[in-house]
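Trainee: Position 335 of the sequence shown, counted from 1, bears residue number 343 in the working numbering, the numbering being contiguous throughout. My structure is below; once you've seen it, I'll send some questions.
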Amino acid sequence: MILPPGLTEKDFSAALEQFTAVVGKEWVFRTDEDVNLYRDAYSPFWNEEEDRVPAAAVAPDGVEQIQQIVRIANKYQIPLWTVSTGKNLGYGAASPALSGSVILDLKRMNRILEVNDKTYYAVVEPGVSYFDLYRYIQEHKLNVWIDPADPGWGSPLGNALERGGGRTPMRDHFGAVCGLEVVLANGEVLRTGMGALPESAIWHQYKYGFGPYVDGIFSQSNFGIVTRMGLFLMPAPEAYRDGRVSVQKHDDLIPFMEKYAYLLNSDILRGNMMLESPLLSYKVSQGRAVFDMPGDPPVEELERIGKEKNLPYWSALFRFWGAPKIIDAQWEYTKEKFAEIPGATFSDGRSYKFPNDIKIEEIEADTLAALGIPNLGVFGLLQGADGHLGFSPIIPMTGEAIFKALKVYGEMYTELGLSPSNQFAALPWSYYPRALVFLFGISTYKDVEKNKKNREIFKKMIKVSAENGWGEYRTHVAFMDDVAAAYSFNDYVLRRFNETLKDAIDPNGILSPGKSGIWPKRLRKDKE
Ligand code: ADP
């Protein structure tokens, strides 16, 4: 068993007794067996000392209980690491950045407070999962869709705070947030936006309220415990269809991305695009990397193979949601635009009108998510490893940037002497309207040596990305300091600003120390 840093066993026991008095015996977890469930099943530190180990967990059932827990934590200087459903796999799951933290597990707060299908929003507590919200909407026959993350057992609230993404026009999950309730480190309850009006009638319909817009400082942060969130939803569309666009040549990616960005920002294309390359997939099947590496066939040779085997260089599935005549027109116009690239080809995909008896078992995970149906299909991707770390740099939405990334990461691979077949790359996605994100899955194993090597790769990727002006949008608890350190403009002023806020609003440093590389004064390595 491990203790919070600086605490005696006696004090910790006393604190746990006080937690027990607040939440009841069955909601304080202290045995190794229970506490181990909060460790990261995908940890890059399996069987190593640096593995993040919580000291205990406590699961309150409401705001008042959280307030009391926070007051006790202040008294004893106990770090509380907040999770909603704690399913943030690939980024640390329920495990804290600091060993010895007590997990504040909010899964019991799982009330759906409102779903409004007239002005299209939901209000949820932290422990509500995508599955819960989906079922509620189905059962009540409400005219709204959710945009689930993969996997669907996580929470809309936790995922939005982490700035996760989905598939539909509502895929920027933090962008869909409207109005928060937050327990602050001193135990006070703050309501953001219009929620600050005591009699607010529009807390979850208008985001900004009056004065500084503070919601952002509660995402990916340790400034508060979010206990309630408003989320914009999409009106249930009348129909859905998808279609594929492919272009044949390497250099076609430049106009392809220009047209994509134009269509996306003109609201003609409205969903996530996952760029594909049938030709590069063929290259990978021959033991090469997606990245450009020495020994690769030259582009002309690849293009020749593509022609011979009928494999386009670039391809993407575009999805449409809405009224049938609108989405038919959107697809027609999309084809017209891409047809300006010589050799572009098109194929129609699925077409549904709702209500529709969709055969869930026949649809792959990705499309289910695009249909607003949460699922766990993403776990099929693990292949051979025990888990993965998400490495996810943001790059510009251009063909040039994609070419550069394939080159830069290929050079890094070569420098590290990695085999082209040991690869974890996919092509980028468009969670956001003006940027792309690469979602790399770096494997973790129940093997110390392999993990050590992959951690080095991870750190190198952070460095190489930053040197090219790209940064991660989110990271695993083990790498938060490293990623934060890359955001170093003007002598780390952003970090210093965050630390100033942290020290002002959480002087005892009890809330999630180390989250996003933000440490309270008493735990800072460079303590002033
Ligand atoms: P999910 O419910 O989607 O699985 P988690 O519960 O694992 O997400 O939360 C992911 C991360 O988001 C946590 O590690 C924590 O840093 C932050 N977080 C989650 N819930 C809250 C909350 N209610 N208040 C503040 N931060 C939170």
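Where is the CB? At the ideal position from N, CA and C, for every residue including glycine. On a predicted model such as this, the values are computed, not experimentally measured, just so you know.
Between which two residues does the alpha helix (DSSP H) carrying Val78 extend?
Mentor: Reading the sequence shown from its first residue, position 70 is the one you call residue 78. Per DSSP, Val78 belongs to the alpha helix (DSSP H) from Val71 to Tyr84.
Trainee: Residue ranges of each beta strand (DSSP E) run of no fewer than 3 residues wholly in the region 193–251, ordered along the chain?
Mentor: As far as the region 193–251 is concerned, its whole beta strand (DSSP E) runs of at least 3 residues are 197–199 and 233–240.
Trainee: According to DSSP, simplified to helix, strand and coil, what is Asn124?
Mentor: If you number the sequence shown from 1, residue 124 lands on position 116. Correct three-state label for Asn124: strand.
Trainee: For a cutoff of 9 Å on Cβ pairs, would you count Tyr128 as touching chain D?
Mentor: Absent here is chain D; the protein component of the structure consists of one chain.
Trainee: Rounding to the nearest angstrom, what Cα-Cα distance links Gln73 and Thr176 in this structure?
Mentor: Stepping through the sequence shown from its first residue, residue 73 is reached at position 65. Stepping through the sequence shown from its first residue, residue 176 is reached at position 168. Approximately 36 Å, taken between the alpha carbons.
Trainee: Is Val234 closer than 9 Å to Leu283 when the C-beta atoms are compared?
Mentor: By one-based count along the sequence shown, residue 283 stands at place 275. By one-based count along the sequence shown, residue 234 stands at place 226. It is not a contact, given that the beta carbons lie outside the stated cut-off.
Trainee: Judging by CA-CA distance, which residue of Thr16, Asn462 and Phe326 is the nearest neighbour of Asp275?
Mentor: On the sequence shown, position 267 is the one that residue 275 refers to. That would be Phe326, whose Cα lies nearest to the Cα of Asp275.
Trainee: Which same chain residues, not among the five before or five after Asp155, have their C-beta less than 6 Å away from its C-beta?
Mentor: Here residue 155 corresponds to residue number 147 of the sequence shown, with the count starting at 1. Closer than 6 Å at Cβ, skipping near neighbours: Gly174, Thr176, Met178 and Arg179.
Trainee: According to DSSP, simplified to helix, strand and coil, what is Gly479?
Mentor: For the purposes of this step, residue 479 is identified with residue 471 of the sequence shown, where counting begins at 1. Three-state result, Gly479: strand.
Trainee: Any heavy atom of ligand 1 closer than 8 Å to the Cβ of Ile410?
Mentor: Position 402 of the sequence shown holds residue 410. Not so, every heavy atom of ligand 1 lies at least 8 Å from the Cβ.
Trainee: Considering only residues of the same chain and omitting the five flanking positions on each side of Thr483, which have a CB-CB separation below 6 Å?
Mentor: The residue labelled residue 483 in the question sits at position 475 within the sequence shown. Correct list, in chain order: Val491.
Trainee: Looking at the strands, I want to know which residues DSSP matches up with Trp322.
Mentor: Within the sequence shown, residue 322 is the residue found at index 314, counting from 1. Note: Trp322 sits in a beta bridge opposite Val255.
Trainee: Taking 8 Å as the cut-off, is the beta-carbon of Val78 closer than that to any non-hydrogen atom of ligand 1?
Mentor: By 1-based counting over the sequence shown, the position of residue 78 is 70. Answer for Val78: no, Cβ out of range of ligand 1.
Trainee: Output the boundary residues of the beta strand (DSSP E) element that contains Glu189.
Mentor: Numbered from its first residue, the sequence shown carries residue 189 at position 181. Run containing Glu189: Val185 to Val191, per the beta strand (DSSP E) assignment.
Trainee: Which runs of the beta strand (DSSP E), 3 residues or longer, sit entirely within the region 401–478?
Mentor: Here the runs fully enclosed are 401–404, 443–445 and 448–452.
Trainee: Going straight from the alpha carbon of Lys535 to that of Tyr129, what length do you get?
Mentor: Here the question's residue 535 lines up with position 527 in the sequence shown. Here the question's residue 129 lines up with position 121 in the sequence shown. Unreliable positioning characterises Lys535 in this predicted model, as indicated by a pLDDT of 45, which lies under 50. The coordinate reading is nonetheless provided below. Whole-angstrom Cα-Cα distance: 44 Å.
Trainee: Beta-carbon within less than 6 Å of Gly238's beta-carbon, same chain only, minus the 5 sequence neighbours each way: which residues are those?
Mentor: The residue given as residue 238 occupies position 230 in the sequence shown. If we look at Gly238 and ignore the five residues flanking it on each side, its Cβ neighbours are Tyr129, Val131, Cys186, Gly187 and His212.
Trainee: Of the choices Glu475, Trp35 and Tyr142, whose alpha-carbon is the least far from that of Met420?
Mentor: As a first step, residue 420 must be located in the sequence shown, where it is residue number 412. Looking at the Cα atoms, Glu475 is the closest of the given residues.
Trainee: For a quick check, are the C-beta atoms of Leu397 and Phe299 less than 9 Å apart?
Mentor: Position 389 of the sequence shown, counting from 1, holds the residue named residue 397. Position 291 of the sequence shown, counting from 1, holds the residue named residue 299. No, the Cβ-Cβ distance between Leu397 and Phe299 is not below 9 Å.
Trainee: Cα-Cα, which of Pro243, Thr93 and Asp69 is closest to Leu169?
Mentor: Numbered from 1 along the sequence shown, position 161 holds the residue referred to as residue 169. Out of Pro243, Thr93 and Asp69, Thr93 has the C-alpha closest to the C-alpha of Leu169.
Trainee: Between Tyr439 and Leu277, what straight-line distance do the alpha-carbon atoms span, to the nearest angstrom?
Mentor: Here residue 439 refers to the residue found at position 431 of the sequence shown. Here residue 277 refers to the residue found at position 269 of the sequence shown. Taking the straight line from one Cα to the other gives about 13 Å.
Trainee: Please report the straight-line C-alpha distance between Trp35 and Arg60, rounded to a whole angstrom.
Mentor: For this step, residue 35 is matched to residue 27 along the sequence shown. For this step, residue 60 is matched to residue 52 along the sequence shown. Those two C-alpha atoms are separated by around 21 Å.
Trainee: Pop quiz: Thr406 and Met265 are said to be a contact at Cβ under 8 Å. What is the actual Cβ separation, rounded to whole angstroms?
Mentor: What you label residue 406 is simply residue 398 of the sequence shown in a count that begins at 1. What you label residue 265 is simply residue 257 of the sequence shown in a count that begins at 1. Right, the Cβ-Cβ distance comes to about 5 Å (below 8 Å), so this counts as a contact.
Trainee: With Ser163 as the anchor, note down where its beta strand (DSSP E) starts and where it stops.
Mentor: The count along the sequence shown starts at 1 and reaches residue 163 at position 155. No beta strand (DSSP E) holds Ser163; DSSP gives it neither H nor E.
Trainee: Indicate the three-state DSSP secondary structure (helix, strand or coil) for Trp527 in the structure shown.
Mentor: Mapped onto the sequence shown, residue 527 falls at position 519. Here Trp527 sits in coil by DSSP.
Trainee: With a threshold of 6 Å on Cβ separation, who are the neighbours of Lys361 within its own chain once the five nearest residues in sequence on each side are excluded?
Mentor: Translated into positions along the sequence shown, residue 361 becomes position 353. Closer than 6 Å at the Cβ level, and outside the excluded window around Lys361, lie Ala247.
Trainee: Determine the contact status of Glu133 and Arg47, defining contact as a CB-CB distance below 9 Å.
Mentor: Taking the first residue of the sequence shown as 1, we reach residue 133 at position 125. Taking the first residue of the sequence shown as 1, we reach residue 47 at position 39. No, these two residues do not count as a Cβ contact at 9 Å.
Trainee: I'd like the span of the alpha helix (DSSP H) that includes Val292, first residue to last.
Mentor: Numbered from its first residue, the sequence shown carries residue 292 at position 284. From DSSP, the alpha helix (DSSP H) with Val292 extends over Pro286 to Ser293.
Trainee: How would you write the range of the alpha helix (DSSP H) that Gly314 sits in, first residue to last?
Mentor: Translated into positions along the sequence shown, residue 314 becomes position 306. Gly314 -> alpha helix (DSSP H) spans Val307 to Lys317.
Trainee: To the nearest angstrom, how far is the alpha carbon of Ala193 from that of Asp455?
Mentor: The count along the sequence shown starts at 1 and reaches residue 193 at position 185. The count along the sequence shown starts at 1 and reaches residue 455 at position 447. Straight-line Cα distance between these residues: approximately 39 Å.
Trainee: Do you know how far the Cα of Ile381 is from the Cα of Glu369?
Mentor: By one-based count along the sequence shown, residue 369 stands at place 361. By one-based count along the sequence shown, residue 381 stands at place 373. If I take the Cα positions, the gap works out to 12 Å.
Trainee: Whole angstroms are fine: how far does the CA of Glu316 sit from the CA of Pro436?
Mentor: Here residue 436 is taken as the residue at index 428 of the sequence shown, counted from 1. Here residue 316 is taken as the residue at index 308 of the sequence shown, counted from 1. Distance between the alpha carbons of Pro436 and Glu316 is about 26 Å.
Trainee: Which partner residues does Ser36 have in the DSSP bridge list?
Mentor: Here residue 36 corresponds to residue number 28 of the sequence shown, with the count starting at 1. The displayed chain sequence assigns Val, not Ser, to residue 36. According to DSSP, Val36 bridges with Val66.
Trainee: Under DSSP, the beta strand (DSSP E) around Leu112 begins and ends at which residues?
Mentor: If you number the sequence shown from 1, residue 112 lands on position 104. From DSSP, the beta strand (DSSP E) with Leu112 extends over Val110 to Asp113.
Trainee: Helix, strand or coil for Ala130 per DSSP?
Mentor: Locating residue 130 in the sequence shown gives position 122, where the first residue counts as 1. In this structure, Ala130 counts as strand in the three-state DSSP scheme.
Trainee: By the DSSP assignment, the beta strand (DSSP E) with Val491 in it spans what residues?
Mentor: Along the sequence shown, one-based indexing puts residue 491 at 483. Element bounds for Val491: not the beta strand (DSSP E) but the alpha helix (DSSP H), Met488 to Ala494.
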